[in-house]
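Below is one structure, written out as structure tokens; comments come after it.
2 protein chains.
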Amino acid sequence: MAEREVDRSVSQTVKAQLALRDQILSGALRPGERISELQAVETTGASRTPVRMALVRLEEEGLLEAIPSGGFMVKAFSERDISDSIELRGTLEGLAARFAAERGVSARELEPLKECLAAIDELLRQVPISIEAFSSYVTLNARFHALLTELSRSPPLIRQIDRASALPFASPSGFVMAQSALPEAQQILIIGQEHHRVVIDAIENREGARAEAVMREHARLAVRNLRLALRNRTHLDLLPALALIKTAAD
Amino acid sequence: MAEREVDRSVSQTVKAQLALRDQILSGALRPGERISELQAVETTGASRTPVRMALVRLEEEGLLEAIPSGGFMVKAFSERDISDSIELRGTLEGLAARFAAERGVSARELEPLKECLAAIDELLRQVPISIEAFSSYVTLNARFHALLTELSRSPPLIRQIDRASALPFASPSGFVMAQSALPEAQQILIIGQEHHRVVIDAIENREGARAEAVMREHARLAVRNLRLALRNRTHLDLLPALALIKTAAD
DNA sequence: TGAATACGTTATGTATACAATAACGGGGAG
DNA sequence: CTCCCCGTTATTGTATACATAACGTATTCA
Numbered sequence: 015m016a017e018r019e020v021d022r023s024v025s026q027t028v029k030a031q032l033a034l035r036d037q038i039l040s041g042a043l044r045p046g047e048r049i050s051e052l053q054a055v056e057t058t059g060a061s062r063t064p065v066r067m068a069l070v071r072l073e074e075e076g077l078l079e080a081i082p083s084g085g086f087m088v089k090a091f092s093e094r095d096i097s098d099s100i101e102l103r104g105t106l107e108g109l110a111a112r113f114a115a116e117r118g119v120s121a122r123e124l125e126p127l128k129e130c131l132a133a134i135d136e137l138l139r140q141v142p143i144s145i146e147a148f149s150s151y152v153t154l155n156a157r158f159h160a161l162l163t164e165l166s167r168s169p170p171l172i173r174q175i176d177r178a179s180a181l182p183f184a185s186p187s188g189f190v191m192a193q194s195a196l197p198e199a200q201q202i203l204i205i206g207q208e209h210h211r212v213v214i215d216a217i218e219n220r221e222g223a224r225a226e227a228v229m230r231e232h233a234r235l236a237v238r239n240l241r242l243a244l245r246n247r248t249h250l251d252l253l254p255a256l257a258l259i260k261t262a263a264d
Numbered sequence: 015m016a017e018r019e020v021d022r023s024v025s026q027t028v029k030a031q032l033a034l035r036d037q038i039l040s041g042a043l044r045p046g047e048r049i050s051e052l053q054a055v056e057t058t059g060a061s062r063t064p065v066r067m068a069l070v071r072l073e074e075e076g077l078l079e080a081i082p083s084g085g086f087m088v089k090a091f092s093e094r095d096i097s098d099s100i101e102l103r104g105t106l107e108g109l110a111a112r113f114a115a116e117r118g119v120s121a122r123e124l125e126p127l128k129e130c131l132a133a134i135d136e137l138l139r140q141v142p143i144s145i146e147a148f149s150s151y152v153t154l155n156a157r158f159h160a161l162l163t164e165l166s167r168s169p170p171l172i173r174q175i176d177r178a179s180a181l182p183f184a185s186p187s188g189f190v191m192a193q194s195a196l197p198e199a200q201q202i203l204i205i206g207q208e209h210h211r212v213v214i215d216a217i218e219n220r221e222g223a224r225a226e227a228v229m230r231e232h233a234r235l236a237v238r239n240l241r242l243a244l245r246n247r248t249h250l251d252l253l254p255a256l257a258l259i260k261t262a263a264d
């Protein structure tokens with residue numbers, strides 16, 4: 015293979031990582047399936063060295079699992095794994111909110127959060143919400159959670175929350191998409207927005223315990239909704255957990 | 015270099031990872047210092063490919079930081095980073111204790127925990143505690159925390175706790191060693207043991223909130239003690255955080 | 001007929017060669 | 001004297017060749 019198309023705008027390692035992640039999350043690679051390096055080389059266009067780096071990184075992200083005899087396989091998640099991951103993330107975000115409240119946050123730092131809040135309010139005014147508005151909601155919600163995390167000013171915590179969000183179903187967008195499958199979707203979004211409002215208020219008033227409690231409740235709500243969504247499996251196309259859920263056995 | 019001493023009992027990647035971690039934690043590589051791959055190849059005896067894999071893994075562990083222009087440097091931690099990491103870990107362990115309590119644990123599963131507890135009781139009966147006994151304590155305490163984590167039966171949570179413990183100062187042994195520098199060390203160990211006792215009791219009685227609360231208090235105690243230990247910098251030889259603390263200029 | 005072993009094939013682990021880029025230093029010009 | 005540009009050097013990023021271990025298959029012997 016003499017001529018190889020090389021995209022020099024990003025490193026081969028990053029390119030391979032993105033391509034492989036796509037394949038996993040799109041379901042092209044099934045949970046439990048072994049990933050062949052050679053095959054990955056062909057589909058990603060990178061050579062074996064960057065592919066291997068990407069595989070190691072994806073393992074650390076939690077999308078892959080090392081096989082003892084060598085190589086990697088796509089990790090499979092049970093429904094409980096997924097709900098635990100969401101609750102875990104909520105617990106971490108709760109700690110972030112507590113840190114923000116206890117350590118104090120200036121009005122200027124809170125401003126972007128409030129803008130997010132207002133923008134979401136605007137979107138939710140539509141009944142029923144349009145597809146485009148819902149898409150904007152997903153983006154704004156993710157932004158809100160990211161900003162909130164930043165407010166903790168704690169690099170170790172921020173790092174850990176990022177790691178916990180690497181699993182698609184545990185990310186803020188994952189929450190929302192899972193919830194969108196439910197008939198009560200709009201009502202759920204409104205309750206979530208109420209949580210957002212409370213956490214900002216708690217941080218402003220330096221009520222650490224209240225800020226933490228509401229974020230945990232926020233996650234528990236998401237867990238309940240995910241369970242519901244998985245029960246009546248309707249409109250689950252958007253659910254990013256789907257491709258990773260253990261199929262049979264276990 | 016024709017003849018290279020190759021230890022075939024473990025993979026070169028693992029060997030390099032262990033060797034580099036040692037170098038970092040022993041302080042041979044200073045925080046902020048760039049790690050040269052070539053140099054790492056010489057000191058570890060592995061070739062560049064496994065060295066690079068090890069570097070990626072150590073970055074994910076949190077011991078290294080990627081340099082935007084390429085390569086890795088030893089991560090530097092502030093005192094607050096360290097205390098946050100401990101509190102973070104305590105929060106995670108709190109969640110694990112809650113899961114264990116809420117999901118129920120059989121008497122048989124609790125048995126090893128109780129054995130740990132009894133063994134530590136035995137050690138603490140010595141006043142003052144001997145060096146050997148203290149060393150045993152460190153091991154037993156780490157075992158206790160690991161067993162408790164397992165009781166959650168939540169792979170995602172266990173995984174996250176393991177990651178949070180990768181930083182030496184955030185591991186159970188790290189807690190203890192930091193505390194050992196204080197004059198009130200023995201009293202502190204006794205209080206910690208009381209926490210251990212309470213969490214088992216709470217899990218047995220399926221009191222999730224109480225189990226969670228005591229583990230968080232356990233960590234907060236560790237944070238307070240770490241602060242004290244860092245204030246009066248006496249006998250800090252054992253403190254595994256030392257090699258990683260930012261020196262000057264935050 | 002079944003099981004066990006040996007062999008061949010395939011995939012991963014490792015090493016190294018090559019390419020590209022970023023850092024550093026020197027020299028020249030303003 | 002200082003600043004900028006260019007060339008050199010060192011270091012990382014990438015590709016590939018080679019070694020080794022695992023798996024499957026076929027054949028043979030009990």
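Residue numbers (my numbering), protein chains in the order written: chain A, 15 to 264; chain B, 15 to 264. Built from N, CA and C at the ideal position, the CB exists for glycine as well. The structure presented is a predicted model; accordingly, all values stated were derived computationally and were not measured.
Nonlocal neighbours in the same chain, by C-beta distance under 7 Å from Gly118 of chain A, ignoring five residues either side: Here residue 118 of chain A refers to the residue found at position 104 when the first sequence is read from its first residue. Result list for Gly118 of chain A: Arg220, in chain order.
Can you pull the chain A neighbours of Thr273 of chain B, defined as C-beta to C-beta under 7 Å? No statement about residue 273 of chain B is possible, as the shown extent of chain B runs from 15 to 264 and does not include it.
With a cut-off of 8 Å, does the C-beta of Gln26 of chain B fall near any C-beta of chain A? On the second sequence, residue 26 of chain B is found 12 positions in, with the first residue counted as 1. For Gln26 of chain B, not one C-beta of chain A is nearer than 8 Å to its own C-beta.
Across the segment 90 to 108 of chain B and the segment 129 to 148 of chain B, are there enough close Cβ pairs to call them in contact, namely three or more that are closer than 8 Å? Verdict: no, contact absent.
Close Cβ partners of Glu164 of chain B (< 7 Å) along its chain, the five nearest in sequence each way excluded: Working through the second sequence from its first residue, we reach residue 164 of chain B at position 150. Closer than 7 Å at the Cβ level, and outside the excluded window around Glu164 of chain B, lie Ile172.
Counting along the chain, where does the beta strand (DSSP E) carrying Leu78 of chain A start and finish? Taking the first residue of the first sequence as 1, we reach residue 78 of chain A at position 64. Its beta strand (DSSP E) spans residues Leu78 to Ala80.
For the segment 176 to 188 of chain B, which residues have a CB atom closer than 9 Å to at least one CB atom of chain A, in sequence order? Flagged, chain order: Arg177, Ala178, Leu181 and Ala184.
Just confirm the distance between the C-beta atoms of Ile5 of chain B and Gln200 of chain B, as a whole number of angstroms; I'd bet it's less than 8 Å. Given that chain B is displayed from residue 15 to residue 264, the structure contains no residue 5 of chain B and the question cannot be resolved.
Going along chain B, which residues have a C-beta under 7 Å from Val70 of chain A? Here residue 70 of chain A refers to the residue found at position 56 of the first sequence. Result: Met67, Val70 and Arg71.
Under 8 Å, do Val228 of chain A and Val213 of chain A count as touching if we go by C-beta distance? Here residue 228 of chain A refers to the residue found at position 214 of the first sequence. Here residue 213 of chain A refers to the residue found at position 199 of the first sequence. Contact flag set, yes.
Straight-line CA distance for Leu32 of chain A to Val55 of chain B? Taking the first sequence and counting its residues from 1, one reaches residue 32 of chain A at position 18. Taking the second sequence and counting its residues from 1, one reaches residue 55 of chain B at position 41. Rounded to whole angstroms, Leu32 of chain A to Val55 of chain B spans 29 Å at the Cα level.
Anticipated Cβ contact below 8 Å, Gly222 of chain B with Arg112 of chain B, distance rounded: By 1-based counting over the second sequence, the position of residue 222 of chain B is 208. By 1-based counting over the second sequence, the position of residue 112 of chain B is 98. Separation of the CB atoms of Gly222 of chain B and Arg112 of chain B is rounded to 4 Å, and the pair is thereby assigned contact status at 8 Å.
Per the DSSP calculation, Arg35 of chain B is bridged to which residue(s)? Here the question's residue 35 of chain B lines up with position 21 in the second sequence. Checking the DSSP bridge columns, you'll see Arg35 of chain B has no partner listed.
Using a C-beta cutoff of 8 Å, does Glu74 of chain B count as contacting chain A? Taking the second sequence and counting its residues from 1, the one referred to as residue 74 of chain B is at position 60. Closer than 8 Å to some Cβ of chain A, the Cβ of Glu74 of chain B qualifies, so yes.
Using the Cα positions of Leu235 of chain B and Glu47 of chain A, report the straight-line distance between them to the nearest angstrom. Translated into positions along the second sequence, residue 235 of chain B becomes position 221. Translated into positions along the first sequence, residue 47 of chain A becomes position 33. Answer to the nearest angstrom: the Cα atoms are 45 Å apart.
Any idea which residues DSSP pairs Arg48 of chain B with across the strands? Residue mapping note: residue 48 of chain B aligns to position 34 of the second sequence, counting from 1. Bridge partners of Arg48 of chain B: B:Met87.
Am I right that Gln26 of chain B and Ala60 of chain B are in contact with their C-beta atoms under 8 Å? What's the rounded C-beta distance? Stepping through the second sequence from its first residue, residue 26 of chain B is reached at position 12. Stepping through the second sequence from its first residue, residue 60 of chain B is reached at position 46. In this structure Gln26 of chain B touches Ala60 of chain B by the C-beta definition: roughly 4 Å separates them, less than 8 Å.
In the structure shown, what three-state DSSP assignment does Ile202 of chain B receive? Stepping through the second sequence from its first residue, residue 202 of chain B is reached at position 188. Helix.
Going by the CB atoms, is the gap between Ala257 of chain B and Leu39 of chain B shorter than 8 Å? For the purposes of this step, residue 39 of chain B is identified with residue 25 of the second sequence, where counting begins at 1. For the purposes of this step, residue 257 of chain B is identified with residue 243 of the second sequence, where counting begins at 1. Closer than 8 Å, so yes.
How big is the Cα-Cα spacing for Arg122 of chain A and Glu226 of chain A? As a position in the first sequence, residue 122 of chain A is number 108, starting the count at 1. As a position in the first sequence, residue 226 of chain A is number 212, starting the count at 1. Roughly 21 Å between the two C-alpha positions.
Where DSSP assigns a beta bridge to Ile259 of chain A, which residues make up the other side? Translated into positions along the first sequence, residue 259 of chain A becomes position 245. Answer is A:Phe91.
As a quick exercise: from A:Arg35, A:Gly108 and A:Arg224, pick the residue whose alpha carbon is nearest that of Leu72 of chain A. Counted from its first residue, the first sequence places residue 72 of chain A at position 58. For Leu72 of chain A, the nearest C-alpha among the options comes from A:Arg35.
Could you check where the alpha helix (DSSP H) with Gly222 of chain A kicks off and where it finishes? The residue you call residue 222 of chain A lines up with position 208 of the first sequence. Counting along the chain, the alpha helix (DSSP H) containing Gly222 of chain A begins and ends at Gly222 to Arg245.
Applying a beta-carbon distance threshold of less than 9 Å, which residues of chain A neighbour Thr153 of chain B? Looking up residue 153 of chain B in the second sequence gives position 139. By Cβ distance, chain A contributes nothing, its closest Cβ being about 26 Å from Thr153 of chain B, past 9 Å.
Minimum C-alpha distance to Lys260 of chain A - residue among A:Ile202, A:Ala90 and A:Ser120: For the purposes of this step, residue 260 of chain A is taken as residue 246 along the first sequence, with counting starting at 1. Out of A:Ile202, A:Ala90 and A:Ser120, A:Ala90 has the C-alpha closest to the C-alpha of Lys260 of chain A.
Closest Cα partner of Ile202 of chain A within the set A:Arg103, A:Phe148 and A:Asp176: Looking up residue 202 of chain A in the first sequence gives position 188. Comparing Cα-Cα distances from Ile202 of chain A to each of A:Arg103, A:Phe148 and A:Asp176, the minimum goes to A:Phe148.
Comparing alpha-carbon positions, which option in A:Gly104, A:Gln174, A:Glu198 and A:Lys29 lies nearest His209 of chain A? To locate residue 209 of chain A, count along the first sequence from 1; it is residue 195. It is A:Gly104 whose Cα lies nearest to the Cα of His209 of chain A.
Contact criterion: CB-CB distance below 8 Å. Does Pro170 of chain B meet it with respect to chain A? One-based indexing of the second sequence puts residue 170 of chain B at position 156. Yes, Pro170 of chain B counts as interfacial toward chain A.
Inter-residue Cα distance where the pair is Pro170 of chain A and Leu52 of chain B: Residue numbering aside, residue 170 of chain A sits at position 156 when the first sequence is read from its first letter. Residue numbering aside, residue 52 of chain B sits at position 38 when the second sequence is read from its first letter. Straight-line Cα distance between these residues: approximately 29 Å.
Going by DSSP in three states, Gln26 of chain B sits in which element: helix, strand or coil? Within the second sequence, numbered from 1, the residue matching residue 26 of chain B stands at position 12. Shown here, Gln26 of chain B sits in a helix according to DSSP, grouped into three states.
Cβ shell of Ala233 of chain A (< 6 Å), same chain only, five flanking positions each side left out: What you label residue 233 of chain A is simply residue 219 of the first sequence in a count that begins at 1. The residues are Ile100, Glu101 and Gly104.
Environment of Arg22 of chain A [buried if 16+ CB atoms lie within 10 Å]: Stepping through the first sequence from its first residue, residue 22 of chain A is reached at position 8. Unreliable placement is indicated for Arg22 of chain A, whose pLDDT of 49 sits below 50; the coordinate value is still reported in the next sentence. By the neighbour-count rule (16 or more Cβ atoms within 10 Å), Arg22 of chain A is not buried but exposed.
If you run the structure through DSSP and keep just helix, strand and coil, what is Ile143 of chain B? Residue numbering aside, residue 143 of chain B sits at position 129 when the second sequence is read from its first letter. Judged by DSSP in its simplified three-state form, Ile143 of chain B adopts coil rather than helix or strand.
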